[in-house]
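The numbering of the sequence shown is the working numbering, which starts it at 433 and goes up by one.
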Amino acid sequence: MSHIDTICVQGGYHPGNGEPRQVPIIQSTTFKYDTSEDMGKLFDLEAEGYFYSRLQNPTCDHAAAKICEMEGGAAAMLTSSGQAANFYAVFNIATCGDHVVASSSIYGGTYNLFAVTMKKMGVAFTFVAPDCTDEELEAAFRPNTKAVFGETIANPALTVLDIEKFAAAAHRHGVPLIVDNTFATPVLCRPFEWGADIVTHSTTKYMDGHASAIGGCIVDSGNFDWMAHAEKFPGLCTPDDSYHGITYAERFGKGAYITKATAQLMRDFGSTPSPQSAFLLNLGLESLHVRMQRHCENAQAVAEHLQSHEKIAWVRYSGLPGDPYHAQAVKYLPHGSCGVVSFGVKGGRAAAETFMKHLKLGAIATHVADARTCCLHPASSTHRQMNDQELIAAGVSADLVRLSVGLESKEDLIADIDQALAAL
Ligand SMILES: *Cc1c(COP(=O)(O)O)cnc(C)c1O
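Written as structure tokens, this is what we have:
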């Protein structure tokens, strides 16, 4: 396989003679066929091809194919958002009456999806601390557990998941590990190499990288043997009546999980990405490897500066040698710890808000992973549904400022931070 730098630039789309050099935007809801018989085969999943863009679209598939290659996966699909990706990734194998073990250190939106919305749908979740002991992790499993979920680098707590530990526990119980790899991107970490089975992304973040399009992606490694645990996964291992009795795991092998998610979940829920968004995503992917390097370099410099500043109470960045997750970062993120740094300003919540108000380059935005530096106070925004106890479990204290370090000059960014701290 090619180096990831080459896949970022050229993967997923291979134009033939005289075809467009750049991925074409196929802005069409539908596709034309000569006979009803031809189209019927597509509906029955007997032939490959496009018929309606709610299910599949060539522009979206090119971007998905590139991300699939980058992660070293077997099959992938785009979704309209990261939320849809995580929902589909879990709901594809865990439905009413089932149970999932999840790290408590995850994105606020995902926590809400699991603990509130999916709970209403009858899926139960047990949350475990990312650095729980083997015994605590073991105790979280139930006979009806269908998956384990965590984030490589958690947003916004910035804990680093011990992917090998979580994968081993999942596999001991005959279920897959799903890893949200949004913050690391496959440039910094490829969870499949550490035993994860399924990877999800909010492509809205570094992959897009320019705050231009919301999107998500699910990649399947193809490594999990559904048939070996057929009693746990009837949706994949028994005939689907809505597709004339196809058994996905038998018929599609390593593509079974993604085919089922497309054929059932995308068909029924329709969280479809637009071809225009997929085009923008692909444009972002072309420079992802170059941008990630610079995001990491800038964030490392900013984190080191903050750490030595008298007005800063604490800094969280796994690239710092004193960070509790540094050892895990050395193992799982040898090329850098992404561009997001979190810290507490002395003086708590009010000081954090004053500091943020005085930043000139760093804008207050509900976003991370943008080329432009931005910052957020999670306790009063993304995590405001949580009570104080839940905030602590999620690794988000009330004074936490999440700074997404962009691609500007690090000297300018540090000067901006210093003048904003001087205003305190
Ligand atoms: C942003 C984010 C999501 C949700 O993605 P959207 O594209 O905003 O729907 C999920 N997981 C992580 C880690 C995120 O940062």
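Ideal Cβ placement from N, Cα and C applies to all residues, glycine included.
Range of the contiguous beta strand (DSSP E) that encloses residue i
i, result
"Ser-836", "832–836"
"Phe-775", "772–777"
"Ala-745", "744–748"
Residues that DSSP places opposite residue i in a beta bridge
i, result
"Cys-669", "Bridge partners of Cys-669: none, in fact."
"Asp-612", "Glu-583 and Thr-632"
"Ala-795", "Cys-806"
"Val-651", "Ala-508 and Val-631"
"Ile-439", "Paired residue(s): none; Ile-439 is not in a bridge."
"Ile-678", "Asp-672"
"Thr-462", "Tyr-484"
Span of the alpha helix (DSSP H) around residue i
i, result
"Gly-716", "707–717"
"Ile-849", "842–854"
"Asn-730", "720–739"
"Ile-595", "595–604"
"Ala-688", "688–692"
"Leu-474", "468–475"
"Gln-454", "Neither: Gln-454 is in no alpha helix (DSSP H) and is coded neither H nor E."
"Ala-761", "758–764"
"Pro-447", "Premise fails: Pro-447 is in no alpha helix (DSSP H) and is neither H nor E."
"Asp-640", "Counting along the chain, Asp-640 falls outside any alpha helix (DSSP H), and DSSP gives it neither H nor E."
"Gly-857", "The shown model of the chain, from 433 to 856, leaves out residue 857, and the question about it has no answer."
"Pro-618", "617–620"
"Ile-824", "820–825"
Closer than 7 Å to chain B by CB, residue i
i, result
"Thr-614", "Annotation note: the requested chain B is absent from the structure, which comprises a single protein chain."
Three or more C-beta pairs under 8 Å: does that hold for the region 835–853 against the region 787–804?
yes
Would you say the region 703–719 touches the region 441–456, given that touching needs at least three Cβ pairs under 8 Å?
yes
Evaluate the contact criterion for the region 809–816 versus the region 760–768: three or more CB pairs, one atom per stretch, below 8 Å.
no
Quick check for students: name the residue ranges of the alpha helix (DSSP H) that lie wholly in the region 483–540, counting only runs of 4 or more.
490–503 and 514–523
Starting from the N-terminal side, write out each stretch of the alpha helix (DSSP H) that is 4 residues or longer and does not extend beyond the region 544–591.
566–571
Flag this pair as touching only if the region 612–625 and the region 565–573 have three or more C-beta atom pairs under 8 Å; answer yes or no.
no
Could you say if the region 529–538 and the region 499–511 meet the contact criterion of at least three C-beta pairs nearer than 8 Å?
no
At least 3 beta-carbon pairs within less than 8 Å: the region 581–596 vs the region 820–833:
yes
Are the region 475–484 and the region 629–647 in contact at 8 Å, needing three or more beta carbon pairs?
no
Count Cβ pairs between the region 546–564 and the region 736–750 that sit closer than 8 Å; are there 3 or more?
no
Between the region 648–667 and the region 510–525, do three or more beta carbon pairs fall short of 8 Å?
yes
Cβ pair count under 8 Å reaching 3, the region 491–506 against the region 437–449:
yes
Could you tell me whether the region 830–847 touches the region 726–737, using the rule of 3 or more Cβ pairs below 8 Å?
yes
Cβ pair count under 8 Å reaching 3, the region 613–621 against the region 664–673
no
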